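J.:
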């Protein structure tokens with residue numbers, strides 16, 4: 050005890066050095082702008098914060114003392130172990146005294162509670178007389194709180210704002226039977242919609258609560274979807290809690306720190322500040338300037354996280370239709386906010402993006418949300434399914450939609466992006482044992498996309514790789530419509546993409562060769578190439594990026610044997626020569642550079658639409674089989690690179706030949722008989738007559754292709770040599786070689802080669818004569834067989 054008494058003066062000095070709480074500076078905040086309830090809430094918060102700061106200051110002084118190293122004093126009359134035992138007993142006595150004299154228990158005061166109380170009090174004051182009615186009458190008050198963190202906090206602190214300290218308040222849902230005369234108020238905090246199985250109990254409890262003639266306070270993100278209908282009918286007052294504003298944030302800082310906040314909060318920081326940021330940055334042991342600096346740091350961290358691909362709508366190339374829709378949607382949103390649009394249904398608020406992987410569909414959604422100044426919620430069936438069984442999946446789905454809707458209500462708009470919606474398959478095509486499960490999932494999703502009550506300010510953006518797999522109800526008008534096709538970029542779009550990602554680097558460089566070698570790739574491929582090139586420059590002495598870095602990435606290392614490389618060139622030469630002969634040289638390119646797991650590819654960016662006649666299909670089959678036929682013609686045999694995988698030359702050719710005889714009525718013994726959709730190749734080939742007719746068409750196409758390449762063998766050999774020497778060639782170069790090369794015996798009896806310029810027929814089914822990219826096969830197959838397989842032209 051003697052030791053404890055000796056430290057009194059030192060404690061007093063430390064307490065003086067800690068400084069006063071300075072509550073007088075807090076009192077300088079003018080309560081004139083506040084309503085009566087907010088002013089009272091503010092006064093109580095100031096007093097509680099002052100007491101809490103004082104207690105914490107004293108606790109900090111004691112903690113410093115306890116952690117400071119102590120030098121033991123000698124014990125008079127004792128030495129050795131006896132002195133140690135005597136000193137230990139004295140220390141224990143001091144500890145008992147210290148524990149007995151600790152500051153009495155003080156309720157903690159947190160910044161999030163202060164902010165929540167001020168927000169609620171202000172909104173109650175906005176409805177004059179509501180505070181008095183809650184204390185003396187029996188109003189039914191519905192409070193909409195879109196922010197989940199604010200909803201949770203208000204559910205804990207509302208009583209201290211609206212009710213006296215001695216009031217007894219109880220939840221009327223899930224609390225059993227309610228009794229007269231036992232409570233002063235009833236309340237409920239509905240964080241999720243009522244489950245169908247609980248609807249009867251909820252309705253019964255609500256009616257019992259209303260019958261007690263007590264104040265009823267109901268908190269929810271959205272009353273229409275989360276609260277019983279009886280409560281809405283009985284509602285006498287309705288409050289909406291907005292997002293935190295600068296006034297509340299600044300006042301919270303002043304109350305917590307006990308000092309006047311002179312630092313200014315910018316609009317961006319305020320918009321990105323929620324209760325979570327308040328809890329992290331605003332503390333009693335910091336100055337107001339430090340609190341504001343912390344909020345700014347957190348806001349900047351949010352901006353960096355959101356802007357990992359900091360693009361604008363003007364920088365999204367290769368998706369002109371999608372960008373046009375986005376600009377139109379932003380105009381409609383602003384008109385809706387001004388009241389120029391009478392109904393939200395008049396706004397184009399739903400769109401489906403369909404295209405190959407990597408074409409920027411996800412990036413588009415993020416850029417659109419940023420351009421519109423809206424928050425974004427992302428979801429997918431895979432994410433929902435990871436939550437558990439069917440009930441968990443449907444619950445997670447509804448939760449994400451509710452989150453998006455709540456944000457739309459609180460932030461005056463929201464974008465919800467749903468990826469891979471082709472996972473919601475066509476219900477009519479489901480035949481497996483788990484069909485009921487899939488149908489319930491698809492039906493639940495359709496209900497949310499169409500029947501979402503109060504979906505104003507909500508934009509739904511979906512993406513998929515094959516819209517044909519989606520349930521037809523998903524793409525009908527009123528759900529996801531329009532459907533915008535996003536294809537692979539052409540040369541002009543590729544150059545724009547490279548310029549955007551290169552920024553100030555290589556401004557005057559000619560990127561044509563880079564773009565030609567990248568043709569057939571997506572925007573994601575462009576980003577990868579630039580990132581890899583920058584990495585090379587960074588590892589080479591942190592220098593600036595140069596053209597050689599880009600070329601080394603797009604060319605890759607070609608370790609193939611010369612014989613395999615020549616076979617690849619022959620294969621691709623066959624494809625491009627036949628395609629140019631039928632469709633002209635505009636917008637087509639061939640390359641034998643190893644890239645994206647392939648040894649070579651031919652890409653046509655300007656696809657020709659045809660009427661779908663027998664001649665159109667026959668020519669298309671010849672283009673598909675040209676690579677294989679060229680190998681046979683010049684090497685004596687062919688490798689297996691033309692087939693073996695879905696999407697290969699032979700797979701697409703077989704699918705088209707089967708459709709000719711069993712679906713589109715162009716060949717076969719029974720052309721008028723429709724057996725299956727042309728995309729359903731397995732079912733078509735299950736009929737023996739279709740298999741025979743398809744094989745006949747393929748054989749005829751292979752023979753015709755061999756004869757065509759034989760007539761133009763000189764051009765085929767010349768194109769092969771160009772590919773071997775330069776690694777690439779475009780359609781114009783092939784046209785020049787066709788015009789100048791001297792094929793054996795001459796083309797068509799020595800006549801000059803005539804390149805096509807025909808007009809397509811009108812009417813009938815329209816098919817694309819050439820897709821934009823050939824599918825890749827596994828590179829190990831190319832090494833074994835020496836072919837250049839790929840998706841047909």
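In the numbering used here, the protein residues as written are 50 to 842.
Every residue gets a Cβ at the ideal spot worked out from N, C-alpha and C, and that includes glycine.
In this text the structure is predicted, and so the values were computed from the model without any measurement.
(1) Using the rule of at least 16 other Cβ atoms within 10 Å of the residue's Cβ for burial, across every protein chain shown, is residue 422 buried or exposed?
(2) What residues are listed by DSSP as bridge partners for residue 653?
(3) How about the stretch 528-536 and the stretch 358-377: do they share at least three Cβ pairs that are nearer than 8 Å?
(4) Judging by CA-CA distance, which residue of 306, 462, 433 and 439 is the nearest neighbour of residue 448?
(5) Which class does residue 524 belong to by DSSP, given the choice of helix, strand or coil?
(6) Which of the three DSSP states, helix, strand or coil, is assigned to residue 269?
(7) With DSSP collapsed to three states, give me the class of residue 143.
(8) Restricting to runs no shorter than 3 residues, where is the beta strand (DSSP E) found entirely within the stretch 379-451?
(9) On the CB-based measure, 16 or more other CB atoms within 10 Å of its CB, does residue 700 come out buried or exposed?
(10) In chain order, which alpha helix (DSSP H) runs of at least 4 residues are fully inside the stretch 450-510?
(11) Using three-state DSSP, classify residue 708 as helix, strand or coil.
(12) Please look up how many angstroms separate the CB atoms of residue 472 and residue 430, rounded, as I've assumed it's under 8 Å.
(13) Which residues in the same chain as residue 413 place their Cβ atom closer than 7 Å to its Cβ, once the five residues preceding and following it in sequence are excluded?
(14) DSSP on residue 159, reduced to helix/strand/coil?
(15) Where does residue 658 land, buried or exposed, given buried means 16+ other C-beta within 10 angstroms?
(16) For the beta strand (DSSP E) containing residue 218, list its first residue and its last residue.
(17) Please report how far the alpha carbon of residue 102 lies from the alpha carbon of residue 552, in whole angstroms.
(18) Are the stretch 159-170 and the stretch 245-261 touching by the rule of at least three beta carbon pairs closer than 8 Å?
(19) With a cut-off of 8 Å, do at least 3 Cβ pairs link the stretch 335-349 to the stretch 194-206?
(20) If you scan the stretch 659-687 from start to end, which runs of the alpha helix (DSSP H) of 4 or more residues do you find wholly inside it?
(21) Cα separation between residue 174 and residue 105?
(22) Return the chain-ordered list of same chain residues with a C-beta closer than 8 Å to the C-beta of residue 210, the five sequence neighbours on each side being excluded.
(23) Are the stretch 266-284 and the stretch 229-240 in contact at 8 Å, needing three or more beta carbon pairs?
(24) Tell me which same chain residues have a C-beta within less than 6 Å of the C-beta of residue 280, skipping the five on either side of it?
(25) Is it true that the CB of residue 331 sits closer than 7 Å to the CB of residue 98?
(26) Can you grab the Cα-Cα spacing for the pair residue 631 / residue 651, in whole Å?
(27) Between which two residues does the beta strand (DSSP E) holding residue 236 run?
(28) If I follow the unbroken alpha helix (DSSP H) through residue 597, where does it start and stop?
(29) Could you give the first and the last residue of the continuous beta strand (DSSP E) run that contains residue 286?
(30) Using 7 Å as the threshold, is the C-beta distance between residue 734 and residue 706 below it?
(31) According to DSSP, is residue 150 part of a helix, a strand, or is it coil?
(32) Quick one: measure Cβ to Cβ for residue 709 and residue 666, integer angstroms, because I've assumed they're closer than 8 Å.
(33) Since residue 348 sits in a beta bridge, which residues does DSSP pair it with?
(34) Alpha carbon to alpha carbon, what distance is there between residue 309 and residue 78?
(35) Using 8 Å as the cut-off, can you tell me whether the stretch 749-758 makes contact with the stretch 668-682, which would need three or more C-beta pairs spanning the two stretches below that distance?
(36) Under 7 Å, do residue 619 and residue 679 count as touching if we go by C-beta distance?
T.: Let me spell this out:
(1) Position 373 of the chain shown, counted from the start, is the residue given in the question as residue 422. The residue is exposed, with fewer than 16 neighbouring Cβ atoms inside 10 Å.
(2) Against the chain shown, residue 653 aligns to sequence position 604. Residue pairing of residue 653 in beta bridges, as defined by DSSP: 637.
(3) Short answer: they touch.
(4) The residue you call residue 448 lines up with position 399 of the chain shown. Among 306, 462, 433 and 439, the Cα nearest to that of residue 448 belongs to 433.
(5) As a working note, residue 524 is residue 475 in the chain shown. Here DSSP, grouped into helix, strand and coil, assigns residue 524 to coil.
(6) In the chain shown, the residue the question calls residue 269 occupies position 220. DSSP places residue 269 in strand when its eight states are reduced to three.
(7) Walking along the chain shown from the start, residue 143 turns up at place 94. At residue 143, the pLDDT of 49 sits below 50, so the modelled position is not reliable; the number obtained from the coordinates is stated separately. In the three-state DSSP reduction, residue 143 falls in the helix class (H, G or I).
(8) List check, beta strand (DSSP E) in window: 399-403 and 425-429.
(9) Along the chain shown, one-based indexing puts residue 700 at 651. Residue 700 should be labelled buried.
(10) Secondary structure within the stretch 450-510: the alpha helix (DSSP H) runs of 4 or more consecutive residues, fully enclosed, are 484-499 (chain order).
(11) Numbered from 1 along the chain shown, position 659 holds the residue referred to as residue 708. Residue state, collapsed to three classes: helix.
(12) Locating residue 472 in the chain shown gives position 423, where the first residue counts as 1. Locating residue 430 in the chain shown gives position 381, where the first residue counts as 1. Distance from residue 472 to residue 430 at the Cβ level is roughly 4 Å; contact confirmed, criterion being Cβ atoms closer than 8 Å.
(13) As a first step, residue 413 is located in the chain shown; it is residue number 364 there, counting from the start. Residues 365, 368, 371 and 402 of the same chain have their beta carbon placed closer than 7 Å to that of residue 413, with the five preceding and five following residues left out of the count.
(14) Here residue 159 refers to the residue found at position 110 of the chain shown. Coil.
(15) Taking the first residue of the chain shown as position 1, residue 658 is located at position 609. When all chains shown are included, residue 658 counts as exposed.
(16) Working through the chain shown from its first residue, we reach residue 218 at position 169. According to the DSSP assignment, residue 218 belongs to the beta strand (DSSP E) that extends over 218-220.
(17) For this step, residue 102 is matched to residue 53 along the chain shown. For this step, residue 552 is matched to residue 503 along the chain shown. Near 52 Å, if we compare the C-alpha coordinates of residue 552 and residue 102.
(18) Pairwise C-beta distances place the stretch 159-170 out of contact with the stretch 245-261, as fewer than three of them are shorter than 8 Å.
(19) Judged by Cβ distances under 8 Å, the stretch 335-349 makes no contact with the stretch 194-206, as fewer than three pairs qualify.
(20) Those alpha helix (DSSP H) runs which fall completely within the stretch 659-687 and span 4+ residues are 663-684.
(21) The residue you call residue 174 lines up with position 125 of the chain shown. The residue you call residue 105 lines up with position 56 of the chain shown. Straight-line Cα distance between these residues: approximately 33 Å.
(22) Along the chain shown, read from residue 1 onward, the residue named residue 210 stands at position 161. Correct list, in chain order: 86, 90, 166, 169, 170 and 173.
(23) Enough Cβ pairs lie closer than 8 Å, so yes.
(24) Reading the chain shown from its first residue, position 231 is the one you call residue 280. Counting only Cβ-Cβ distances below 6 Å, and skipping sequence neighbours, we find 255 and 267.
(25) If you number the chain shown from 1, residue 98 lands on position 49. If you number the chain shown from 1, residue 331 lands on position 282. No. Outside cutoff.
(26) The count along the chain shown starts at 1 and reaches residue 631 at position 582. The count along the chain shown starts at 1 and reaches residue 651 at position 602. Residue 631 and residue 651: Cα-Cα distance of roughly 15 Å.
(27) Counting from 1 along the chain shown, the entry for residue 236 is found at position 187. Residue range 234-238 is occupied by the beta strand (DSSP E) that includes residue 236.
(28) As a first step, residue 597 is located in the chain shown; it is residue number 548 there, counting from the start. Residues 596-604.
(29) As a first step, residue 286 is located in the chain shown; it is residue number 237 there, counting from the start. Boundaries of the beta strand (DSSP E) harbouring residue 286: 286-289, taken from the DSSP string.
(30) Translated into the one-based positions of the chain shown, residue 734 becomes position 685. Translated into the one-based positions of the chain shown, residue 706 becomes position 657. Not in contact: residue 734 and residue 706 (Cβ atoms no closer than 7 Å).
(31) What you label residue 150 is simply residue 101 of the chain shown in a count that begins at 1. Because residue 150 sits at a pLDDT of 41, beneath the cut-off of 50, its placement in the model cannot be relied upon, and the following sentence gives the value as read from the coordinates. In the structure shown, residue 150 adopts coil according to DSSP, grouped into three states.
(32) As a working note, residue 709 is residue 660 in the chain shown. As a working note, residue 666 is residue 617 in the chain shown. Indeed, because the Cβ distance is near 5 Å, the residues count as touching under 8 Å.
(33) As a working note, residue 348 is residue 299 in the chain shown. Residue 348 is not bridged by DSSP to any residue.
(34) Taking the chain shown and counting its residues from 1, one reaches residue 78 at position 29. Taking the chain shown and counting its residues from 1, one reaches residue 309 at position 260. Here residue 78 scores only 44 on pLDDT, less than 50, and its place in the model should not be relied on; the value that follows carries that caveat. The alpha-carbon atoms of residue 78 and residue 309 are separated by roughly 8 Å.
(35) In this structure the stretch 749-758 lies against the stretch 668-682, because at least three pairs of beta carbons, one per stretch, are closer than 8 Å.
(36) Mapped onto the chain shown, residue 619 falls at position 570. Mapped onto the chain shown, residue 679 falls at position 630. Yes, Cβ-Cβ distance for residue 619 and residue 679 is below 7 Å.
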